[in-house]
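Numbering (the working numbering), first residue to last: 121 to 439.
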Amino acid sequence: MKKIDLVFRTVGERTSDAALELAVKNIQPQQVHIIENVKPFSKAVQQMLAINYDCDFVVFADADCLIFEDMVPFLQDNNLPYVDCYVLDQFRGHIHCGVHITRIDVVRTMQKIEIPEGDRQYVLRPESRTRNLALRQLNQGKAFKHFQIFHDFFQYYRDIFVKYVIRELRNRKGYLEAKLKVNQADWTKQSEDSEERDFIVANYAVNYSRKFIKGNPEEIAQLIADLPQIAIRELEKLNIAEKEALTLQQVLELSPKINHKKWQRSKGMKVFGIGLSRTGTKSLTEALNMLGINVVHYPNDETTLQELIAGNYEFSLSK
């Protein structure tokens with residue numbers, strides 16, 4: 121059997137205890153290494169890379185990830201150098217983040233990587249930057265696998281604020297910026313439709329970052345270190361009281377109520393594409409359906425034809 125180590129990173133997330141129990145249950149590691157309350161994240165990355173591992177693979181998991189699927193069969197069969205896990209994120213839908221399956225040769229190479237001084241990518245994404253440099257050095261690539269993992273559900277408001285300030289800093293250009301604005305529009309709609317304040321806090325954090333945070337990598341690094349205190353101050357301005365602690369039993373009771381297709385429903389997303397046979401349209405349709413976007417493959421009914429002719433792109437067939 122392959123030897124699997126778990127590195128569990130926590131900075132006191134509301135789901136920390138529950139996430140650790142679920143991770144141990146569904147990964148079955150030979151050894152658990154806990155990186156606890158190490159800030160900023162770049163220091164946590166340095167600490168986890170200082171560990172002398174004796175295993176075949178390391179699963180790096182964050183305390184905001186609730187693993188509800190048995191990962192052992194995959195972990196024992198897997199030989200890929202690096203696998204990023206697709207999760208269901210409360211704010212961004214199905215994305216890959218939070219749980220990273222890394223072969224030991226990649227980990228060893230990460231331990232030897234020297235980061236150039238003032239590297240902005242490292243300041244904003246220390247783990248992924250180090251890993252990408254290691255994979256490039258090994259001439260290896262990434263793979264992706266979907267598991268039943270919930271990310272960023274049930275978190276403290278202060279942690280949501282910190283995350284989404286950093287999220288905005290990471291998404292200031294092009295497609296990523298546009299995508300974040302789409303997410304924001306959805307959060308606004310969802311906050312109007314429910315009493316959930318998570319989306320209000322996330323939206324506020326993104327707007328705060330856009331308005332107030334400028335500067336060079338050194339200044340941004342210092343600001344990231346100060347974010348926990350800034351979060352408390354800004355939540356007081358919003359008059360939002362912090363959530364109470366959370367137990368595993370509460371997580372088990374709340375998780376079945378999560379609507380997997382709730383994210384971005386309010387946007388009424390539409391996808392229309394034309395492709396010749398054997399050009400991947402079926403695979404694209406299946407992938408979009410996995411992401412919760414309802415797409416019809418090869419519609420050939422009269423109703424859809426008439427809707428297209430009339431310029432009506434609501435497509436009653438996909439409702």
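Even glycine gets a Cβ: it sits at the ideal position worked out from N, Cα and C. Here the structure is a predicted model, which is why all the values come from computation and not from measurement.
Non-local beta-carbon contacts of K122 in its own chain, meaning distances under 7 Å to residues more than five positions away in sequence, involve D176, F177, L195, Q196 in chain order.
About 12 Å separates the beta carbons of Q370 and F273, which is beyond the 8 Å limit, so they are not a contact pair. Its Cα nearest to that of I286, the residue P160 stands out among R134, T130, G132, P160. I187 sits close to L142, with the two beta carbons spaced by under 8 Å.
According to the DSSP secondary-structure assignment, A263 is paired through a beta bridge with V203. Cβ-Cβ separation between V203 and K265: approximately 5 Å, consistent with a contact (criterion under 8 Å). For the alpha helix (DSSP H) assignment, the uninterrupted runs of no fewer than 4 residues enclosed by the segment 270-305 are, from N- to C-terminal side, 277-290.
Judged by beta-carbon spacing, R317 lies within the 8 Å limit of Y277, meaning their Cβ atoms are closer than that value. Remark: C-beta atoms of H220 and F180 approach each other more closely than 8 Å.
For I147 against L126, the beta-carbon gap comes to about 5 Å, under 8 Å, which counts as contact.
Among the bridge pairs identified by DSSP, E156 is matched with T130. Q151 has D125 as its beta-bridge partners, per DSSP. Sequence-distant partners of G238 (beyond 5 residues in either direction) whose C-beta falls short of 6 Å from its own C-beta, in its chain, are P337.
As computed with DSSP, A181 is found in a beta bridge with F128, V219. Listed in chain order, the non-local C-beta contacts of V326 below 8 Å within the same chain comprise Y284, V285, R287, E288, L300, Q304, local neighbours out to five positions each way being set aside. Only residues of its own chain outside the window of five on either side were considered, and among them I333 have a CB closer than 7 Å to the CB of L343, listed in chain order.
The continuous alpha helix (DSSP H) containing T229 extends over residues 224-232. In the DSSP assignment, E373 falls within the alpha helix (DSSP H) that extends over 368-374. Contact check for P201 against V227 fails: the beta carbons are separated by 8 Å or more.
Membership of M191 in any alpha helix (DSSP H) is not indicated, and neither H nor E is assigned to it by DSSP. CA-to-CA, the gap between T405 and F267 works out to about 20 Å. Between the alpha carbons of G218 and Q426 lies a gap of roughly 45 Å. In this structure, I269 places its C-beta atom within 8 Å of the C-beta atom of C205. Per DSSP, P236 lies in no alpha helix (DSSP H) and is assigned neither H nor E. The Cβ-Cβ distance between F281 and E354 falls below 8 Å. Assigned with DSSP and collapsed to three states, D176 falls in coil, not helix or strand.
Residues of the same chain with a CB within less than 7 Å of the CB of V131, apart from the 5 flanking positions on each side, are N157, K159 in chain order.
Cα atoms of Y328 and A322: separation of roughly 10 Å, rounded to the nearest angstrom. When C-alpha distances from A361 are compared across I233, L347, T367, I320, the shortest belongs to I320. Only residues of its own chain outside the window of five on either side were considered, and among them S162, P337, I340, A341, I344 have a CB closer than 8 Å to the CB of V243, listed in chain order.
In the structure shown, the three-state DSSP call for Q268 is strand. Between the C-alpha atoms of L255 and I233 there is a straight-line separation of about 11 Å.
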